[in-house]
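First comes the structure, then the notes that go with it.
Residue numbers (this note's numbering): 38 to 370.
The following block contains the structure:
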């Protein structure tokens, strides 16, 4: 890949040319009917002209520089036989706009998908999971905190770094009275772990998910049944941790055994505990602040990587809640 930049007459604008050595990869980079280039033009407010395997980029100097970074990162993905589509373009633009590395060194490899961080916070989160035994991922839905944790767990299992994955979630809606529900333990808790199962099936073939569930390599452990265990050589995930009690959280965290990693995810704005019950997640954040080996990552609505409308919905609700909590807050009709 070659680039050549020259300033245009307008001091705030620039024109840059880029060429790509592999014609086949270049066409994949440009996208069907040059759809990826059109998306870049819209997102960064620049103009892109293509000729063969070469591109000419024109516009604001900072935007052109961001586009160069995006195209270089996406071409590098293609050189590694990784997919480049709409989601990858959006992620690369988001990273470039914030002046962050593209995160190619953090690619999570599973049987069905190769997964890359799509925001700087996601990149920090993956690094924290690599470097800390206990990580808290905190923030709103759609930020990838649970999905990335499951991806790292699956990668660790495939590589033989851990012997099993243990997945847990408080079943607050059932009041933890799982014994009154029909079926075996898996059937009773499955509805509360559906998001985790969906992530597993994204990363492993269905036959492997079922086989590993049967032989115990992947274990579904309701929080109420974790007491008294020590989890060694395991990757342990506690999802929806905002709905734990203080006692449950302490019990869970002290299950961590040798050669194990633990990731706790939760959203403090979505606590479903009865009024007056202190969230175990809130308590843990305060108690464990500054403890060596524990990392906290705070996601915001800027990290929402679902449909773009989800980001707008999250922000709209945040504005509404801020108005409601303000002493003088009053919405205008």
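Ideal placement from N, C-alpha and C gives every residue a C-beta, glycine not left out.
Identify whether residue i lies in helix, strand or coil by the three-state DSSP scheme.
| i | result |
| --- | --- |
| residue 230 | helix |
| residue 336 | coil |
| residue 199 | coil |
| residue 298 | strand |
| residue 260 | helix |
| residue 52 | strand |
| residue 328 | coil |
| residue 357 | helix |
| residue 205 | strand |
| residue 268 | strand |
Take the Cβ of residue i as the centre, count every other Cβ of all protein chains shown within 10 Å, and call the residue buried at 16 or more, exposed below.
| i | result |
| --- | --- |
| residue 182 | buried |
| residue 69 | exposed |
| residue 371 | Limits of the chain in this structure are 38 at one end and 370 at the other, which puts residue 371 out of reach. |
| residue 340 | buried |
| residue 206 | buried |
| residue 311 | exposed |
| residue 133 | buried |
| residue 184 | buried |
| residue 284 | exposed |
| residue 193 | buried |
| residue 66 | buried |
| residue 357 | exposed |
| residue 212 | Here residue 212 scores only 45 on pLDDT, less than 50, and its place in the model should not be relied on; the value that follows carries that caveat. Exposed, since its Cβ has fewer than 16 Cβ neighbours within 10 Å. |
| residue 268 | buried |
| residue 363 | exposed |
Among the options, which one has its Cα closest to the Cα of residue i?
| i | options | result |
| --- | --- | --- |
| residue 373 | 71, 97 and 88 | The structure shown has nothing for residue 373, since the chain only spans 38 to 370. |
| residue 204 | 63, 249, 232 and 275 | 275 |
| residue 59 | 118, 107, 93 and 86 | 118 |
| residue 326 | 358, 247 and 173 | 173 |
| residue 187 | 233, 61 and 200 | 233 |
| residue 297 | 106, 270 and 67 | 270 |
| residue 299 | 110, 163 and 320 | 163 |
| residue 55 | 88, 71 and 72 | 88 |
| residue 131 | 147, 160 and 113 | 160 |
| residue 165 | 338, 352 and 330 | 330 |
Does the segment 174-181 touch the segment 253-266, meaning 3 or more C-beta pairs lie closer than 8 Å?
no
If you pair each beta-carbon of the segment 120-136 with each one of the segment 65-77, do three or more pairs fall below 8 Å?
yes
What are the complete beta strand (DSSP E) segments, minimum 3 residues, inside the segment 56-128?
84-88 and 91-97
Given 8 Å, three or more beta-carbon pairs between the segment 294-309 and the segment 264-283:
yes
Going residue by residue through the segment 127-189, where are the continuous beta strand (DSSP E) segments of at least 3 residues, counting only ones entirely within it?
171-175
Between the segment 108-123 and the segment 140-158, are three or more C-beta pairs nearer than 8 Å?
yes
As an exercise, report each continuous beta strand (DSSP E) stretch of at least 3 residues that is fully enclosed by the segment 272-323, in chain order.
298-303
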